[in-house]
Amino acid sequence: MVSKQFTAMTRCFYCGEGANILIHKQLRDISAAHDKVHDMQPCSKCEGYMRQGVILIGISDEKSDRGWQHPGEVKVRDRHGRMTTVRGIPNPFRTGAFMVVSEDFIRRAFNPPELVSHVLRCRWAFIEHEALFKLGILEHIAQQAGKPYRVCECTDCHHHWCWEVKTAPETPNAPSKPPPLRRRRKTTPTTSTATAEDIYAAQTRQTP
Numbered sequence: 003m004v005s006k007q008f009t010a011m012t013r014c015f016y017c018g019e020g021a022n023i024l025i026h027k028q029l030r031d032i033s034a035a036h037d038k039v040h041d042m043q044p045c046s047k048c049e050g051y052m053r054q055g056v057i058l059i060g061i062s063d064e065k066s067d068r069g070w071q072h073p074g075e076v077k078v079r080d081r082h083g084r085m086t087t088v089r090g091i092p093n094p095f096r097t098g099a100f101m102v103v104s105e106d107f108i109r110r111a112f113n114p115p116e117l118v119s120h121v122l123r124c125r126w127a128f129i130e131h132e133a134l135f136k137l138g139i140l141e142h143i144a145q146q147a148g149k150p151y152r153v154c155e156c157t158d159c160h161h162h163w164c165w166e167v168k169t170a171p172e173t174p175n176a177p178s179k180p181p182p183l184r185r186r187r188k189t190t191p192t193t194s195t196a197t198a199e200d201i202y203a204a205q206t207r208q209t210p
């Protein structure tokens with residue numbers, strides 16, 4: 003039996019679930035890699051999603067660390083135990099939105115053409131949470147799940163967000179308190195909206 007000190011279960015960069023099992027052949031301690039993202043290779047499930055369409059991951063640029071788009075280089079050990087320099091992994095603040103959309107939707111919703119080509123080639127993209135709302139994707143997900151859905155607007159900056167309406171036996175149809183909203187910059191509205199055919203798979207996850 004191999005000790006846990008020499009093995010590690012990594013997480014998928016895209017969906018955040020368990021991805022690969024690492025075993026160090028020279029019995030070096032790699033426990034620090036356990037339950038962490040090791041690289042940007044998709045797990046088998048996300049690889050299947052990328053064959054179906056394009057993965058969109060909701061983020062908040064305002065809550066992310068400054069310069070997350072350019073993580074720089076980091077030093078890691080390769081499979082032979084030698085130190086090597088590799089490009090860092092981008093790590094913005096994720097809102098929990100994770101979905102797969104069609105290529106046609108990417109062509110309609112994204113600009114300029116160079117960005118469309120890049121996203122279609124990579125098969126995934128980060129996207130602002132506010133943009134997901136304006137594209138109609140969040141509302142579509144809530145309706146498909148059969149959950150009560152409510153849209154709110156900040157009277158200060160006109161930012162839109164959505165939240166689920168919860169009910170209890172003692173207080174029928176009583177909505178839960180909406181989450182607090184931080185002031186943020188305005189975004190340009192878009193005219194493209196999501197349809198049922200655009201979304202192959204959709205689910206929400208809690209922010210880690």
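Add 2 to the 1-based position in the sequence shown for our numbering, that's all there is to it. Where a beta carbon is used, it is the ideal one built from N, C-alpha and C, also for glycine. Bear in mind the structure is a predicted one, so any value in this text is a computation, not a measurement.
Alpha carbon of L45 to alpha carbon of T12, nearest angstrom: The question names Leu, but residue 45 is Cys in the sequence shown. One C-alpha to the other measures close to 10 Å.
Do E105 and G55 have their CB atoms nearer than 8 Å? yes
With distances taken Cα to Cα, identify the nearest neighbour of E141 among P92, L117, M101. The shortest Cα separation from E141 among P92, L117, M101 belongs to M101.
Quick check on T97: buried or exposed, where buried means 16 or more other Cβ atoms within 10 Å of its Cβ? Classified as buried, T97 has 16 or more neighbouring CB atoms from the shown chains inside 10 Å of its CB.
Put F128 into one of helix, strand or coil per three-state DSSP. strand
Taking the CB atoms as reference points, tell me whether P94 and S66 lie closer together than 8 Å. yes
Tell me the DSSP bridge mates of L89? Note on identity: in this sequence residue 89 is Arg, with Leu being the wrong assignment. In DSSP, R89 forms a bridge with E75.
Distance CB(P92)-CB(W70) smaller than 8 Å: yes
Measuring straight from C-alpha to C-alpha, what distance separates N113 and R53? N113 and R53 have their C-alpha atoms spaced approximately 22 Å apart.
Nearest-angstrom Cα separation, counted from V103 out to C17: 15 Å
Just to confirm, is the Cβ distance from G60 to P73 under 8 Å? no
Tell me the DSSP secondary structure of F112 in three-state form. It is coil, neither helix nor strand.
Candidates T87, L58, T86, of which the one nearest A133 by Cα: L58
Can you tell me whether K168 is buried or exposed, with buried defined as 16 or more other CB within 10 angstroms of its CB? Note that K168 scores 43 on pLDDT, short of 50, meaning its location in the model is unreliable; the coordinates nonetheless yield the value given after this. Its Cβ having fewer than 16 others within 10 Å, K168 is exposed.
Considering only C-alpha positions, which residue in the set F128, F135, L137, K136 is nearest to D63? F128
From the DSSP output, in three-state form, read off F107 for me. Helix.
What residues match up with G60 in a beta bridge as DSSP calls it? Residue pairing by DSSP places G60 opposite I129 in a beta bridge.
Can you tell me which of P115, E116, A111, L117 puts its alpha carbon nearest to the alpha carbon of K136? A111
Kindly indicate which three-state DSSP category E49 falls into: helix, strand or coil? Look at E49 here: in three-state DSSP terms it is helix.
Alpha carbon of E19 to alpha carbon of G138, nearest angstrom: 26 Å
Cβ-based burial, C124 [other Cβ within 10 Å; buried from 16]: exposed
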